[in-house]
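If you're matching positions, the sequence shown starts at 4 in the numbering used here and goes up one per residue.
Where is the CB? At the ideal position from N, CA and C, for every residue including glycine.
Note that the structure is predicted; figures quoted are calculated from it, not measured.
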Amino acid sequence: MGAPRIAVIYYSATGNIAAMAHALADGSQAAGAEVRVRRVAETAPADAIASNPRWQAFVDTADDGLATLDDLSWADGLAFGSPTRFGGPAAQLKAFLDSTGGLWATGALATKVCTSFTTASTGHGGLESTILALNNHYYHWGSMIMPLGYADAHVAKVTGNPYGASHVSRKGSAPDEDALEACRLQGARLARVTARLAAQES
């Protein structure tokens with residue numbers, strides 16, 4: 004068994020989730036994984052994007068390649084990130100997830116380890132419900148769901164969200180070091196769990 008293959012797939016409007024995605028990827032790489040970071044396509048109307056300078060700036064500068072279904076087939080472990088939209092994932096990521104029916108039908112996703120991460124503008128703005136909504140796809144795929152958990156003291160004592168790494172972006176604030184460290188821990192855990200599962204199946 005070679006290095007576990009991890010795909011980090013995200014939607015980000017202002018760059019916050021993108022920063023978290025890369026931190027999670029860093030954690031996976033540090034744990035020995037081969038990693039791809041991909042963003043899903045932006046589908047919002049141009050006038051809506053132009054109304055928010057941070058959104059426009061991110062769209063103009065985002066350089067991660069676009070996610071494809073081949074990225075899901077390639078990976079042993081999958082991490083999905085989205086900002087919270089009314090307590091659920093953004094439509095852009097949801098549309099990508101909804102395109103996986105062909106992979107689901109062949110059972111290609113049933114051996115994957117999946118995990119989720121998110122941001123919201125308030126502490127009670129749907130952090131947990133967004134992660135749980137993302138997890139619904141993994142149930143249907145038959146995948147193994149990996150929470151962040153409380154095994155690491157940083158999560159238990161500092162960030163406090165066992166569902167998955169999250170950041171409360173008050174007034175649009177970027178993820179702080181505490182949130183990014185939670186992402187790195189989640190990425191490392193995903194790499195380790197994925198490697199163990201693959202070793203048992205080989």
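Contacts around alanine 78, its chain only, beta-carbon distance under 8 Å, and the 5 residues preceding and following it disregarded
For this step, residue 78 is matched to residue 75 along the sequence shown. If we look at alanine 78 and ignore the five residues flanking it on each side, its Cβ neighbours are Arg8, Ile9, Ala10, Arg39, Lys115.
For the alpha helix (DSSP H) that arginine 173 lies in, which residues bound it at each end?
Here residue 173 corresponds to residue number 170 of the sequence shown, with the count starting at 1. Unbroken run through arginine 173: none, as it is neither H nor E.
Just reading off the beta strand (DSSP E) that proline 86 is part of, what are its end residues?
On the sequence shown, residue 86 is found 83 positions in, with the first residue counted as 1. 80-88 is the extent of the beta strand (DSSP E) around proline 86.
Simplified DSSP assignment, three categories, for valine 40:
Taking the sequence shown and counting its residues from 1, the one referred to as residue 40 is at position 37. Valine 40: strand per DSSP, three-state reduction.
Please identify the residue among Gly35, Ser169, Thr71, Ala202 whose C-alpha is closest to the C-alpha of glycine 129.
Position 126 of the sequence shown holds residue 129. The shortest Cα separation from glycine 129 among Gly35, Ser169, Thr71, Ala202 belongs to Ser169.
Residues that isoleucine 1 bridges to, as DSSP identifies them:
In this structure the chain extends from 4 to 205, so residue 1 is not present and cannot be described.
Three-state secondary structure assigned by DSSP to glycine 190:
Walking along the sequence shown from the start, residue 190 turns up at place 187. Three-state result, glycine 190: helix.
Between the Cα of asparagine 19 and the Cα atoms of Ser119, Asn55, Ser85, which residue gives the shortest distance?
In the sequence shown, the residue the question calls residue 19 occupies position 16. Closest option to asparagine 19, Cα to Cα, is Ser85.
Would you list the one or two residues that DSSP bridges to phenylalanine 61?
Taking the sequence shown and counting its residues from 1, the one referred to as residue 61 is at position 58. The partner list for phenylalanine 61 (beta bridge, DSSP) is empty, contrary to what the question assumes.
Would you call serine 76 buried or exposed, if buried means 16 or more other Cβ atoms sit within 10 Å of its Cβ?
As a first step, residue 76 must be located in the sequence shown, where it is residue number 73. By the 10 Å Cβ count, serine 76 comes out exposed.
Cα-Cα separation between asparagine 164 and glutamine 189, rounded to whole angstroms
On the sequence shown, residue 164 is found 161 positions in, with the first residue counted as 1. On the sequence shown, residue 189 is found 186 positions in, with the first residue counted as 1. Cα-Cα distance, rounded: 11 Å.
According to DSSP, simplified to helix, strand and coil, what is threonine 162?
Here residue 162 refers to the residue found at position 159 when the sequence shown is read from its first residue. Looking at threonine 162 - three-state DSSP - the assignment turns out to be helix.
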